[in-house]
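Peer 1: First the structure, which I've put down as C-alpha cells, then a few questions once you've had a look.
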Amino acid sequence: MANEHPQKPGLGRRKSSLNTLRDLSQRFKHVGRKASESVEEEREIIGEVESALSSPRTAQPLLSTNTRDSVQERLLSPKPPSNDMSTTTTLLESSPILSDSTPWVGGTGLGNANLGKSGRVIEKLMAENDRLKREIKAEAAKREELQRTANAQKPRLEALQAENARLSHCKAVDESVIKRRDRKIEDLKAELDVERQKRESLEHRVQEAERKMGEYQEHSNKEVQQAVEEAKHATTHASILETSHRQLSSEYRQRIAAANKQLRELSDDREEDRKRLTKLDVVNHQMRQESEKARKLYNELLAASDKYREEKDSEVDLVLGDVKELKGGISHREVELERTLEEMQEVTNRMKWLMNMQKVNSENGVNSPPPSPPS
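In terms of the UniProt record's numbering, the sequence shown is residues 1 to 375.
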C-alpha cells in the first residue's frame, strides 16, 4: 500500500469538478423543465461555474458547499413564469461550461489520450450535457411554439368563453322560457280539458235539443196534417152548407112564390066573396086583422129571409176566407146554423099553419078568430 502512487491534488479537484458538473447536469435538467427562470439568476449561476473552472490548479474546490447550495436553491426555487425563453437559450449557448469548446472535450486541455478513466467520465458527462442542452433548446422551441399557439388561440378562447357565457345565459333564459311554456302548456291543457267538457256538454245539449226538435217537428207535422184534414173537412162542410143554403133559398123563394100566388088567389076569392063578407063582417074584421097580422108576419118573414140570406152569404164568404180558423169555430157556427134553421123551420110551420087556418076558415065559413099558432 505504501508503494502505491499518492493521489494527486489535481485529480481530487477533477473529481470535485465532476461532482459539480453532475450536480449541474441534474440542475440543468430542472432548468430545461423550468424555462421560466429569470435571466439574472442564470447569469449568476453560469458566472460561478466559470470562476470555479477557471482555476483548476488551486487547492481549493471548484465550488464551495455554500455556493453549490445557493445554486441548487436558485435552480430549485419556484419563480413566476416568464415568456423570455429565447434569452435563456442564448445564455445557455453562450456559457463556456455548456458550449462545445469546453476544455474537457477535444480542446487544448488534457486531450483524449491523457484523460484516463476520469476524463472519459467527464467526456461522457459533457456529451450528456450537450444532449441535455439540445433537449433544452428543443423544449424551449416547443414551449415558444406552444406559447405562440396559446397567444394565437387566446382570442379564440376568449371568444369561445364569451360564446359559452352567452350560450349559458341563453340556456338559462331558454330554461326559464321552457318552464314558462311548460306552465303555459299545463294551463292550456287545463283549459283544453275545460273546453272539452264544455264541448261534450254542448254536444249533449245539442243532441237533446235535436231530439226534442225532432219530437216537436213530428208533433207539428201531425198537427199540420190534422189541421189540413180538418180544413178539408171544413171546406167540404162549407160546400155542403153553401149547397144547402142555396137549396133552402130556392125552396123559400118557391114557397114565397106559392104564397104570393095563394095571396093573389085569396084576393080574387075575396072579390067573389064580398057578399059573404057582409054577413061575416065580424069574422071578416077579425080575418082582416089576422090577415094584417099575417101580412105583417109575411113581411117580417121576407125581411128575415133576406137578412138570413145576407147573413148566410157573408157567413159563407167568411167561412171560405177563414178556413184555417174553422178549427175552433166550426162547432159554434154549426150550432148557430142549426138554431137559425130551427127558427126558419118554426116560421115556416107558423106560415103553413096560418095559411091552412085561413083556408079552413074560408072553406068552412067559420067566423070565430083562429087560435094562437103553436109555439
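Beta carbons are placed, not taken as given, at the ideal position from N, Cα and C, and that holds for glycine.
Keep in mind the model is a prediction, meaning the values are calculated, not measured.
(1) Using only alpha-carbon positions, find the residue among 272, 338 and 259 that is nearest to residue 353.
(2) Nearest-angstrom Cα distance between residue 311 and residue 305?
(3) Assuming residue 351 and residue 262 are in contact, meaning their beta carbons sit under 8 Å apart, how far apart are those beta carbons, in whole angstroms?
(4) I believe residue 301 touches residue 347 by the beta-carbon criterion, under 8 Å. Please report the beta-carbon distance rounded to the nearest angstrom.
(5) Using the C-alpha atoms, what's the distance from residue 245 back to residue 251?
(6) Between the C-alpha atoms of residue 183 and residue 198, what's the straight-line distance to the nearest angstrom?
(7) Alpha carbon to alpha carbon, how far is residue 227 from residue 235? Give it in angstroms, no decimals.
(8) Rounded to the nearest angstrom, how far is the Cβ of residue 337 from that of residue 241, given a contact under 8 Å?
(9) Classify residue 238: buried if its beta carbon has 16 or more other beta carbons within 10 angstroms, exposed otherwise.
(10) Does the Cβ of residue 381 have 16 or more other Cβ atoms within 10 Å, making it buried, or fewer, making it exposed?
(11) Return the CA-CA distance between residue 208 and residue 224, expressed in angstroms with no decimal places.
(12) What separation, rounded to the nearest whole angstrom, lies between the Cα atoms of residue 155 and residue 145?
(13) Please report the straight-line C-alpha distance between residue 88 and residue 141, rounded to a whole angstrom.
(14) Tell me whether the beta-carbon of residue 362 lies closer than 9 Å to the beta-carbon of residue 269.
(15) Can you find the residues in the same chain that come closer than 7 Å, C-beta to C-beta, to residue 181, ignoring five residues on each side of it along the sequence?
(16) State buried or exposed for residue 107, treating a residue as buried only when at least 16 other CB atoms are found within 10 Å of its CB.
Peer 2: The answer reads as follows:
(1) For the residues 272, 338 and 259, the minimum Cα distance to residue 353 belongs to 259.
(2) Straight-line Cα distance between these residues: approximately 10 Å.
(3) Contact flag wrong, Cβ pair sits at about 11 Å.
(4) Right, their Cβ atoms sit about 6 Å apart.
(5) In this model, residue 251 and residue 245 are separated by some 10 Å (Cα to Cα).
(6) The alpha-carbon atoms of residue 183 and residue 198 are separated by roughly 22 Å.
(7) When rounded, the distance between both Cα atoms is 12 Å.
(8) Sure, about 7 Å apart at Cβ, within 8 Å.
(9) Per the 10 Å Cβ criterion, buried.
(10) In the structure as shown, the chain begins at 1 and stops at 375. Residue 381 is therefore absent and cannot be evaluated.
(11) Each residue's Cα considered, the two are about 24 Å apart.
(12) Spanning the two alpha carbons is a distance of roughly 17 Å.
(13) Confidence is the limiting factor: at residue 88 the pLDDT is only 44, short of 50, which leaves the residue's position unreliable, though a coordinate-based value still follows. Put simply, the backbone Cα of residue 88 is about 11 Å away from that of residue 141.
(14) Yes. Within cutoff.
(15) Cβ contact annotation for residue 181 (same chain, cutoff 7 Å, sequence separation greater than five): none.
(16) The predicted position of residue 107 is uncertain, since its pLDDT is 43 and thus under 50; a value taken from the coordinates is nonetheless stated next. With fewer than 16 other Cβ atoms within 10 Å, it is exposed.
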